[in-house]
Amino acid sequence: MGEFLKSTRFKVLLALLAFLVGIMIYSVTKGGYSLSGASFINTITKPFRFASNSITMEMEKNADRISNADAYYEENLELKKQIGELNKKLTEYDDLVAEVEELRKLVVIKEEHPDSVFSQSAEVMGYIANDPFKGFIIDRGYADGIEPYSPVITPEGIVGIIIEVSQHSSTVRTLLSPDLSIAAICSSTNRDFGIVEGAVIAAEKSRTKLIHLDKNHGIKKGDLLITSGNSGLFPKDYAIGTVTEVGVEANGLSAYAEIEPAADISRLRSVFVIMDFEGKDGKEKEDTDEAENTP
Amino acid sequence: MRLKTPREKRILYFKTTLRWFLYYFIIFASFVIMTSGTLLKPVLLVPVALLIAVNNDIMASAYTGAFCGLLIDIACGRLLGFNAVLLTVFCVASTLVFELYLRKKFINCMFIISVFSFLQCWLDYKFFYEIWGYDGVERIFRSVTLKVWLYTVISTVILFIVFKIINNLLMPKEHLTIEEVIRTS
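Chains as they are written, first to last, in my numbering: chain D, 1264 to 1558; chain Z, 2 to 186.
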């Protein structure tokens, strides 16, 4: 021991310790900045430390995965179950939102037309394949009280008429079809009558036509056409569409107007069927006539 | 084809059942495609019915034609039975033509299907549009009927390949191989 204390090795060791203590004291005086040597070492070793750290982390993760596999599996199952429940709730919520939206629309229409009886919202199941007049099928049939020749509408306006009813579905003929005629009146002038009837050329542009219009009419581009309610097939005062073009028929006897339907017929998602309304099939009219004739 | 063992019979029944299941799956898929969307679409059920008819006997062809025709009537909103009658006749006719005169080659199938699908489209146009004398009705022929026919003929190429694969895998062989002839003689 005495020999070691007197040896050069011990003196070198002491010197080293003193140097290190000196470094320590010097570092304290640097006020938070590392020494240049340490900085150099840090810079040199930085990429290696990164690599090493990531490898270690990955290994630790794997080790953790292996050691806690059962717990994670259980947790995963639990989370999947929760996600399933949340998705179900989300779907129900979306359905509810859609239903509320439909009901809101129905309330608006009902407020505007208190005399009409409407069906529940009917979803469009699909369009008739390759039909140039965009006929479609809805998911309500006679089980829901739908009858043939009931008008079909959206909150925007008239769409068409039911032509065939099954138990749970019905076929709708749109106002683009030449087989459907609707008595119409211009809402702005309130005196220009005509018949809205589909035409092949107009249907190509998803438009319909107002025909049998008096040559001295006052209709202009942008005017709104509404149902006149004369036929007994359609209720009064429902929007049909706006005038996009006005002209005189080739025979020169009457005028016509091209109409852009108020509802976008080629992109319908849901519609309403008017099951009963004032003036349907001329019932009320007959009743009134009878009342008038009664002494 | 000569069936020798119960095992061979079982395999034949299984293959036949699977083949018809695939046929009707294709019919169902074609119906779904035809009834979705608003754009013009090929009348897929016409080539499907005819391709089934080409490879089967008259009665099976007639039933399939009638069934596919009814589905077309539903999908296209036509008078129920109109296309059923047409397709039954077309399917029986195509079965007979292929049994008696033509070989089951791609070009022959395309020719027959093109002719029959054109007839179907043309009769549909005649009875559902032209007969009513709408103004400018010929525009429907140009802008709808001809396009639908063209799409139908184009889609036939894909359907032919699908049916070829199904028939190659699941159709019983019509003739014995040389080895089978030697074994059975």
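The C-beta atom is built at its ideal place from N, Cα and C for all residues, glycine as well. No experiment lies behind these values; they were computed from the predicted model shown.
Query - Run of the alpha helix (DSSP H) containing residue 1358 of chain D, from where it starts to where it stops - result: Looking up residue 1358 of chain D in the first sequence gives position 95. Residues 1332 to 1375.
Query - Neighbourhood of residue 1552 of chain D by C-beta distance below 8 Å, restricted to the same chain and skipping five residues each side - result: Here residue 1552 of chain D refers to the residue found at position 289 when the first sequence is read from its first residue. Note that residue 1552 of chain D scores 47 on pLDDT, short of 50, meaning its location in the model is unreliable and no value can be drawn from it.
Report task. Could you name the residues of chain Z that residue 1394 of chain D contacts, counting a contact when the two beta carbons are closer than 8 Å? Result -> Against the first sequence, residue 1394 of chain D aligns to sequence position 131. Neighbours of residue 1394 of chain D across chain Z, judged by C-beta separation under 8 Å: 77, 78.
Query raised in the report: Looking at residue 1528 of chain D and residue 1437 of chain D, is the spacing between their C-beta atoms short of 7 Å?
Result: One-based indexing of the first sequence puts residue 1437 of chain D at position 174. One-based indexing of the first sequence puts residue 1528 of chain D at position 265. Yes; because the gap between Cβ atoms is below 7 Å, this pair is in contact.
Query raised in the report: Along the region 1378 to 1392 of chain D, what residues have a CB closer than 7 Å to any CB found in chain Z?
Result: From the region 1378 to 1392 of chain D, only 1389, 1390, 1391, 1392 have a Cβ closer than 7 Å to chain Z.
Query raised in the report: On the three-state DSSP scale, how would you describe residue 172 of chain Z?
Result: Within the second sequence, residue 172 of chain Z is the residue found at index 171, counting from 1. DSSP places residue 172 of chain Z in coil when its eight states are reduced to three.
Query raised in the report: In chain D, which residues lie with their C-beta within 7 Å of the C-beta of residue 135 of chain Z?
Result: Stepping through the second sequence from its first residue, residue 135 of chain Z is reached at position 134. Listed along chain D, the residues sitting closer than 7 Å to residue 135 of chain Z by beta-carbon distance are 1441, 1463.
Query raised in the report: Mind listing which residues of the region 112 to 124 of chain Z have their C-beta closer than 7 Å to chain D's C-betas, in chain order?
Result: The residues in question: there are none.
Query raised in the report: Is the region 39 to 57 of chain Z touching the region 78 to 92 of chain Z, taking contact as three or more C-beta pairs under 8 Å?
Result: Using a Cβ-Cβ distance cut-off of 8 Å, the region 39 to 57 of chain Z and the region 78 to 92 of chain Z are in contact, since at least three pairs of beta carbons, one from each stretch, lie closer than that value.
Query - Chain-order list of residues whose beta-carbon lies under 8 Å from that of residue 1273 of chain D (same chain, five-residue window excluded) - result: The sequence position of residue 1273 of chain D within the first sequence is 10, counting from 1. Non-local C-beta neighbours of residue 1273 of chain D in its own chain, meaning closer than 8 Å and more than five positions away in sequence, comprise 1267, ordered along the chain.
Query raised in the report: Which value, in whole angstroms, describes the spacing of the CA atoms of residue 128 of chain Z and residue 79 of chain Z?
Result: The count along the second sequence starts at 1 and reaches residue 128 of chain Z at position 127. The count along the second sequence starts at 1 and reaches residue 79 of chain Z at position 78. Rounded to whole angstroms, residue 128 of chain Z to residue 79 of chain Z spans 10 Å at the Cα level.
Query - Amino acids of chain Z, ordered along the chain, whose beta-carbon sits closer than 9 Å to that of residue 1397 of chain D - result: Counted from its first residue, the first sequence places residue 1397 of chain D at position 134. 39, listed in chain order.
**Report entry** Interface partners of residue 1452 of chain D on chain Z, CB under 8 Å
**Finding:** Along the first sequence, one-based indexing puts residue 1452 of chain D at 189. Those do not exist, as residue 1452 of chain D stays about 26 Å from chain Z at its closest Cβ, beyond 8 Å.
Query - Cβ pair count under 8 Å reaching 3, the region 1533 to 1541 of chain D against the region 1467 to 1483 of chain D - result: No, the region 1533 to 1541 of chain D is not in contact with the region 1467 to 1483 of chain D.
Query raised in the report: Listed in chain order, which residues of the region 1482 to 1506 of chain D have Cβ atoms closer than 8 Å to some Cβ of chain Z?
Result: The residues in question: there are none.
Requested in this report: Under 8 Å by Cβ, that's how I've got residue 1433 of chain D and residue 1470 of chain D pegged, so tell me the actual separation to the nearest angstrom.
Outcome: Within the first sequence, residue 1433 of chain D is the residue found at index 170, counting from 1. Within the first sequence, residue 1470 of chain D is the residue found at index 207, counting from 1. With a contact defined as Cβ atoms closer than 8 Å, residue 1433 of chain D and residue 1470 of chain D miss out at about 24 Å.
Requested in this report: Label residue 1278 of chain D either buried or exposed according to how many other C-beta atoms from any shown protein chain fall within 10 Å of its C-beta, with 16 as the threshold for buried.
Outcome: For this step, residue 1278 of chain D is matched to residue 15 along the first sequence. The C-beta of residue 1278 of chain D has fewer than 16 other C-beta atoms within 10 Å across all chains shown, which makes the residue exposed.
Requested in this report: Give a yes or no on whether 7 Å exceeds the smallest Cβ distance from residue 1317 of chain D to chain Z.
Outcome: Along the first sequence, one-based indexing puts residue 1317 of chain D at 54. No, residue 1317 of chain D lies away from the interface with chain Z (no Cβ there is under 7 Å from its Cβ).
Report task. Give every residue of the same chain whose Cβ lies closer than 6 Å to the Cβ of residue 1426 of chain D, excluding the five residues on either side of it in the sequence, and list them in chain order. Result -> By one-based count along the first sequence, residue 1426 of chain D stands at place 163. Same-chain partners within the cutoff: 1434, 1436.
Report task. Tell me whether residue 56 of chain Z is buried or exposed, calling it buried when 16 or more other Cβ atoms sit within 10 Å of its Cβ. Result -> On the second sequence, position 55 is the one that residue 56 of chain Z refers to. So residue 56 of chain Z counts as buried.
Report task. Could you tell me whether the Cβ of residue 1437 of chain D comes closer than 7 Å to any Cβ of chain Z? Result -> Along the first sequence, one-based indexing puts residue 1437 of chain D at 174. Judged by the 7 Å Cβ criterion, residue 1437 of chain D is not in contact with chain Z.
**Report entry** residue 10 of chain Z versus residue 37 of chain Z - alpha carbon distance
**Finding:** The residue you call residue 10 of chain Z lines up with position 9 of the second sequence. The residue you call residue 37 of chain Z lines up with position 36 of the second sequence. Going by the C-alpha atoms only, they are around 41 Å apart.
Query raised in the report: Using a C-beta cutoff of 7 Å, does residue 60 of chain Z count as contacting chain D?
Result: As a position in the second sequence, residue 60 of chain Z is number 59, starting the count at 1. Residue-level contact by beta carbon fails for residue 60 of chain Z and chain D, as no gap is shorter than 7 Å.
Report task. List in chain order: all unbroken beta strand (DSSP E) runs of 3+ residues lying wholly within the region 1459 to 1525 of chain D. Result -> Counting whole runs of 3 or more residues, the region 1459 to 1525 of chain D contains the beta strand (DSSP E) stretches 1471 to 1476, 1487 to 1490, 1502 to 1511, 1518 to 1524.
Query - Coarse secondary structure for residue 64 of chain Z, derived from DSSP in three states - result: Counting from one through the second sequence, the residue named residue 64 of chain Z turns up at place 63. Note: residue 64 of chain Z maps to helix in three-state DSSP.
Query - For residue 145 of chain Z and residue 1508 of chain D, the rounded distance between their alpha carbons - result: Walking along the first sequence from the start, residue 1508 of chain D turns up at place 245. Walking along the second sequence from the start, residue 145 of chain Z turns up at place 144. In a straight line, the C-alpha of residue 1508 of chain D is about 25 Å away from that of residue 145 of chain Z.
Query raised in the report: Alpha carbon to alpha carbon, what distance is there between residue 1413 of chain D and residue 1549 of chain D?
Result: Taking the first sequence and counting its residues from 1, one reaches residue 1549 of chain D at position 286. Taking the first sequence and counting its residues from 1, one reaches residue 1413 of chain D at position 150. Reliability of the predicted coordinates at residue 1549 of chain D is poor, the pLDDT of 48 falling under 50, and no value is obtained from them.
Query raised in the report: On the three-state DSSP scale, how would you describe residue 14 of chain Z?
Result: The residue labelled residue 14 of chain Z in the question sits at position 13 within the second sequence. Helix, per DSSP.
Query raised in the report: Using 7 Å as the limit for Cβ to Cβ distance, is residue 1417 of chain D near chain Z?
Result: Taking the first residue of the first sequence as 1, we reach residue 1417 of chain D at position 154. No, its Cβ sits nowhere closer than 7 Å to a Cβ of chain Z.
Requested in this report: Using a Cβ cut-off of 7 Å (strictly closer), state whether residue 141 of chain Z contacts chain D.
Outcome: Locating residue 141 of chain Z in the second sequence gives position 140, counting from the first residue. Output row for residue 141 of chain Z: interface = yes.
Query raised in the report: Looking at C-beta atoms only, is the number of pairs between the region 1373 to 1380 of chain D and the region 1488 to 1505 of chain D that lie closer than 8 Å three or more?
Result: Touching, per the Cβ criterion.
Query raised in the report: Is there a Cβ from chain D that is less than 7 Å from the Cβ of residue 42 of chain Z?
Result: As a first step, residue 42 of chain Z must be located in the second sequence, where it is residue number 41. Put simply, the CB of residue 42 of chain Z is near chain D, with a gap under 7 Å to one of its CB atoms.
Query raised in the report: How big is the Cα-Cα spacing for residue 1448 of chain D and residue 135 of chain Z?
Result: Locating residue 1448 of chain D in the first sequence gives position 185, where the first residue counts as 1. Locating residue 135 of chain Z in the second sequence gives position 134, where the first residue counts as 1. Whole-angstrom Cα-Cα distance: 24 Å.
Query raised in the report: Is residue 36 of chain Z close to chain D, meaning its C-beta is less than 7 Å from at least one C-beta of that chain?
Result: In the second sequence, counting from the first residue as 1, residue 36 of chain Z sits at position 35. Closer than 7 Å: yes.
Query - Unbroken beta strand (DSSP E) run spanning residue 1417 of chain D, endpoints - result: Translated into positions along the first sequence, residue 1417 of chain D becomes position 154. Taken as a continuous stretch (DSSP letters only), the beta strand (DSSP E) holding residue 1417 of chain D covers 1414 to 1417.
**Report entry** Rounded separation between residue 159 of chain Z and residue 126 of chain Z - CA only
**Finding:** Translated into positions along the second sequence, residue 159 of chain Z becomes position 158. Translated into positions along the second sequence, residue 126 of chain Z becomes position 125. Going by the C-alpha atoms only, they are around 26 Å apart.
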